[in-house]
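A.B. asks: After the structure tokens below, expect a handful of questions from me.
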Amino acid sequence: MTALPSDLPSPAAPTAAASRRTFAIISHPDAGKTTLTEKLLFFAGAIHLAGHVKAHGERRRTQSDWMEIERARGISISSSVMTFERDGLTFNLLDTPGHQDFSEDTYRTLTAVDSAIMVIDAAKGIESQTRKLFEVCRLRDIPIITFINKIDREGLDPFALLDEIESTLALDVCPITWPVGMGTDFRGAYDLRENRFLKSESKPGAADGRTIPCSGIDDPQLDALVPERILASFRESAALALSAYPEFDLASYRGGHLTPVLFGSALKDCGVEELLRALGRIAPPPRPQPAEPRTVAPEEKAVTGFVFKMQANMDPNHRDRVAFMRLCSGRLKRGMKLRQVHSGKTITLQNPIFFFARERQLADEALPGDIIGIPNHGTLRVGDTLTEGEELRFTGIPNFAPEILRRVRLDDPMRAKQLKRALEDLAEEGVTQVFRPILGSQWIVGVVGQLQLEVLASRIATEYKIAMGFEMAPFEMARWVASDDPAVLKDFIERNRGSMAEDRDEAPVFLARDSWELNRTIRDWPKLRFLTTRERH
Ligand code: GDP
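Residues in the sequence shown are numbered consecutively from 1, following the UniProt record's numbering.
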């Protein structure tokens, strides 16, 4: 074991609640999230990469490759949660949906993590999707470790990349590893905190013998390993980096104000282990979760959790859904009964899914920070709080009033029933919101971004084999309507039948042509509440 770094603290023997690191990777498509995920699992010993060498070149891993690895190793890596263990810690990596899909689902997944890794392509710097996801992390002060990937290719100057993070994201930066040459000059990276040269080359996957402890960046050993020109340039820039940036500050990182930065190459296995170590040492254990009427601490004995994601169609032959719950406190055991707070219903956890590696699959206990899959037939909903009985509601799971409304055009009227089911399934997953106008038969979908419409159309086409399209709707805004006086509500609905719709729970929704109409209606009906999210009581 190499010495502990002076400024990256080693965790004390973790207590049960402190042994989890629940995190997500945020990035723009193509920055290397999939490759990095695979390498993190590999270095943690969770998978053996038969296809490791094949990863060279441009070959993309397909879903079936993942499935193959899953079957061989008995773990769920193509699914939304990947759990692995290392150094007595349990890491839960939550996947944020890939393929350009930027939906509410992505936001919600970030409510269930305690920290994030931001992957940046060294040639491209900060790209649009990374930025959006970063903003969501910032809303919740989620601490971020930055991994600047692909330094084995020609990229931007390291200082320029750090400047960009500082100026566009308003984050302090603290380099942890520094590139030793980039592109054709790439020879590896240097761990500035622990003084180790992370040599490139050699066989991929062979971590041994590639990490060379040094006395500092001037260590003469390096002269024998790195060509003179590349070494001179490295020493100059690394010396500048060491003097220009402050020491790592744990409180500042945990508060979401500073990001430690590692330069590396996921493809060439460079810096990945260091990333894993940093995650174990500095990333926060489960944090207290905001709830009404009180915040919940992970050390509490009673079990609490919230549902942040719903996945339907995991098995196309079953219409089952799996609710993903983040455990916030207590020890969850198989067979436990929990209360769904908003309905008062009791849910028995007969077959909770634990996303453990094979040897732990029979584990029947989960701890705060862990993610549990709960199979159900539609009882559970995104945003649900589950407790052992206490009236609690976890807050901060964002729900967005749709910004774009579209009518759904069905090409084959005989498929109306299938369309209904498809829309309801996908609404449940959080891909979209659906409204059924009281008059007329065309569904209206509501989304927060254009991309969601594309995802919706492609999933309906591929998973449900329904030919459909979108048309402009004569409405721009949707608001749930509620009132303490049922008679007033009924009167409002009667008078506005042409603008009323129901959501999938038959809750009334007012569709306004524009903001002027909405504002006038709000003024005219002071006894009604016009809500951007549905009231869940
Ligand atoms: P994702 O879309 O963010 O999941 O990105 P992928 O992991 O699929 O990677 C996108 C492309 O970049 C693939 O062709 C990878 O082989 C390649 N790639 C990923 N990491 C690296 C790296 O460190 N160096 C180089 N040269 N290519 C990489």
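The C-beta atom is built at its ideal place from N, Cα and C for all residues, glycine as well.
In three-state DSSP terms, what is A189?
C.D. replies: Correct three-state label for A189: strand.
A.B. asks: Ligand 2 heavy atoms versus the CB of L93: any closer than 7 Å?
C.D. replies: Of the ligands one can find in the structure shown, namely ligand 1, none is ligand 2.
A.B. asks: Restricting to runs no shorter than 4 residues, where is the alpha helix (DSSP H) found entirely within the region 438-517?
C.D. replies: The region 438-517 contains these whole alpha helix (DSSP H) runs: 450-464 and 486-495.
A.B. asks: Answer with buried or exposed for R513, where buried requires no fewer than 16 other C-beta atoms within 10 angstroms of its C-beta.
C.D. replies: Under this definition R513 is an exposed residue.
A.B. asks: Is K199 near ligand 1, with its Cβ less than 7 Å from a heavy atom?
C.D. replies: Not under cutoff, so the answer is no.
A.B. asks: Please check the pair A457 and E388, which I expect to be a contact at CB under 8 Å, by giving their CB distance rounded to whole angstroms.
C.D. replies: The Cβ separation is near 42 Å, so there is no contact.
A.B. asks: Count the other C-beta atoms from every protein chain shown that fall within 10 angstroms of the C-beta of T432, then say buried if there are 16 or more, exposed otherwise.
C.D. replies: Counting Cβ neighbours within 10 Å, T432 comes out buried, since at least 16 surround it.
A.B. asks: Whose CA, out of D491, P286, V448 and M468, lies closest to the CA of E476?
C.D. replies: Ranking the options by Cα distance to E476, first place goes to V448.
A.B. asks: Is there at least one non-hydrogen atom of ligand 1 closer than 7 Å to the beta-carbon of P29?
C.D. replies: Within the cutoff, so yes.
A.B. asks: So, for P413: in the same chain, excluding its five sequence neighbours on each side, which residues have a beta-carbon less than 7 Å away from its beta-carbon?
C.D. replies: Closer than 7 Å at the Cβ level, and outside the excluded window around P413, lies no residue.
A.B. asks: Near D30, which residues of its chain fall below 8 Å by C-beta distance, leaving aside the five closest residues on each side in sequence?
C.D. replies: Around D30: D121.
A.B. asks: Below 7 Å CB to CB, which residues in the same chain sit around P474 once its five sequence neighbours on both sides are set aside?
C.D. replies: Correct list, in chain order: R513.
A.B. asks: Please state whether the Cβ-Cβ distance between G32 and A366 is less than 8 Å.
C.D. replies: For G32 and A366, no; Cβs fall outside 8 Å.
A.B. asks: Could you compute how far the alpha carbon of T168 sits from the alpha carbon of M336?
C.D. replies: Answer to the nearest angstrom: the Cα atoms are 47 Å apart.
A.B. asks: What is the residue span of the alpha helix (DSSP H) that L410 lies within?
C.D. replies: Where L410 is concerned, there is no enclosing alpha helix (DSSP H), although the beta strand (DSSP E) it sits in stretches over I404 to L410.
A.B. asks: Kindly indicate which three-state DSSP category V272 falls into: helix, strand or coil?
C.D. replies: Three-state result, V272: helix.
A.B. asks: Please indicate yes or no: does the CB of R153 lie closer than 7 Å to some heavy atom of ligand 1?
C.D. replies: Because some heavy atom of ligand 1 lies under 7 Å away, the Cβ of R153 counts as near it: yes.
A.B. asks: Tell me whether A266 counts as near ligand 1, meaning its Cβ is closer than 7 Å to at least one heavy atom of that ligand.
C.D. replies: Answer for A266: yes, Cβ within range of ligand 1.
A.B. asks: I'd like to confirm something about G183: is its beta-carbon nearer than 7 Å to some heavy atom of ligand 1, or not?
C.D. replies: No, the beta carbon of G183 sits no closer than 7 Å to any heavy atom of ligand 1.
A.B. asks: Residues in the same chain with beta-carbon distance under 6 Å from Q129, minus the five sequence neighbours each way, listed in chain order, please.
C.D. replies: Excluding sequence neighbours, Q129 sits near H28.
A.B. asks: Rounded to whole angstroms, what is the Cα-Cα separation between D425 and Y464?
C.D. replies: Whole-angstrom Cα-Cα distance: 11 Å.
A.B. asks: If you reduce the DSSP assignment to three classes, tell me which class I126 lands in.
C.D. replies: If DSSP states are grouped into helix, strand and coil, I126 belongs with coil.
A.B. asks: Should P143 and P158 be called a contact, given that it needs their Cβ atoms to be closer than 8 Å?
C.D. replies: Against a cut-off of 8 Å, the Cβ pair of P158 and P143 comes out as no contact.
A.B. asks: Report the rounded CA-to-CA distance for R321 versus D384, giving the unit in angstroms.
C.D. replies: Going from the Cα of R321 to the Cα of D384 covers about 15 Å.
A.B. asks: Helix, strand or coil: how does DSSP classify P413 here?
C.D. replies: Three-state result, P413: helix.
A.B. asks: Assuming A283 contacts S329 under a Cβ cut-off of 8 Å, what Cβ separation, rounded to an integer in Å, is found between them?
C.D. replies: Not really, about 19 Å apart at Cβ, beyond 8 Å.
A.B. asks: Should the region 183-195 be called in touch with the region 214-221, which here means at least 3 C-beta pairs below 8 Å?
C.D. replies: Flag = yes, the region 183-195 and the region 214-221 touch.
A.B. asks: Tell me whether K124, by its Cβ, gets closer than 7 Å to a heavy atom of ligand 1.
C.D. replies: No.
A.B. asks: Among the candidates N351, G378, F354 and K333, whose CA atom is the shortest distance from the CA of K345?
C.D. replies: The shortest Cα separation from K345 among N351, G378, F354 and K333 belongs to G378.
A.B. asks: Whole angstroms are fine: how far does the CA of R409 sit from the CA of F510?
C.D. replies: So the alpha carbons of these two residues sit roughly 21 Å apart.
A.B. asks: By the three-class DSSP mapping on this structure, what secondary structure does F42 have?
C.D. replies: Of the three classes helix, strand and coil, the one that applies to F42 here is helix, per DSSP.
A.B. asks: Looking at the strands, I want to know which residues DSSP matches up with T90.
C.D. replies: Looking at the DSSP assignment, T90 forms a beta bridge with R20 and E85.
A.B. asks: Roughly how many whole angstroms lie between the Cα atoms of F308 and F147?
C.D. replies: Taking the straight line joining both Cα atoms gives about 26 Å.
A.B. asks: Enumerated in chain order, which unbroken segments of the alpha helix (DSSP H) with a length of 4 residues or greater are wholly contained in the region 236-267?
C.D. replies: Here the runs fully enclosed are 250-254.
A.B. asks: When you compare the CB positions of S252 and D172, do they come within less than 8 Å of one another, or not?
C.D. replies: Contact flag set, yes.
A.B. asks: Could you check which residue in L225, P175 and P285 has the C-alpha nearest to that of L240?
C.D. replies: Checking every option, the nearest Cα to that of L240 belongs to P175.
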